[in-house]
Amino acid sequence: MRPLLCSALALLAIATVCNAACYLKEVAHTDSNPPKGCQDEDGKMHEFGSSWVKDCMDCSCSKEAMSCCDKIPSSVDLPPECEMIVDKEKCTAKIVLKADKTKECVPV
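Sequential numbering from 934 applies to the sequence shown in the numbering used here.
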């Protein structure tokens, strides 16, 4: 029971301190030249219904818009004894104690 409670508290704490950044880019529709997909920031076209990850941004393309959300929290409110460690290769982040980075920090 205790491990389950600790896991639930950790998830709740992360959910309350994380703030992911998202944006929506509308697909331009014209009668003479209907769109075939979504064009990303690099100019690459993506088919409708597709999804991809680029630079830790989780993106998807629909006939209405391209939406992208950062997989790594953009702003975190942490206690002074905690810090966030980011792995940009795996697009993950974890909150650890500054004094012992092997231990998870659970802000309350």
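Idealized CB from N, CA, C, for every residue including glycine.
This structure is a prediction, so every number in the text was calculated from the model and none was measured.
Buried or exposed: where does methionine 990 fall if 16 or more other Cβ atoms within 10 Å of its Cβ makes it buried?
buried
How would you write the range of the beta strand (DSSP E) that isoleucine 1018 sits in, first residue to last?
1015 to 1020
Give a yes or no on whether the C-beta atoms belonging to cysteine 994 and glycine 976 are separated by under 8 Å.
no
Is the separation between the beta-carbon of glutamate 1037 and that of lysine 1027 shorter than 8 Å?
yes
Once you ignore the five residues that flank lysine 996 on each side, which residues in its own chain have a CB closer than 7 Å to its CB?
Val960, Phe981
Out of Thr963, Gly970, Asp988, state which residue places its alpha-carbon closest to the alpha-carbon of lysine 1023.
Asp988
Apart from the five residues on each side of it in sequence, which residues of its chain come closer than 7 Å, Cβ to Cβ, to valine 1019?
Ile1005, Ala1026
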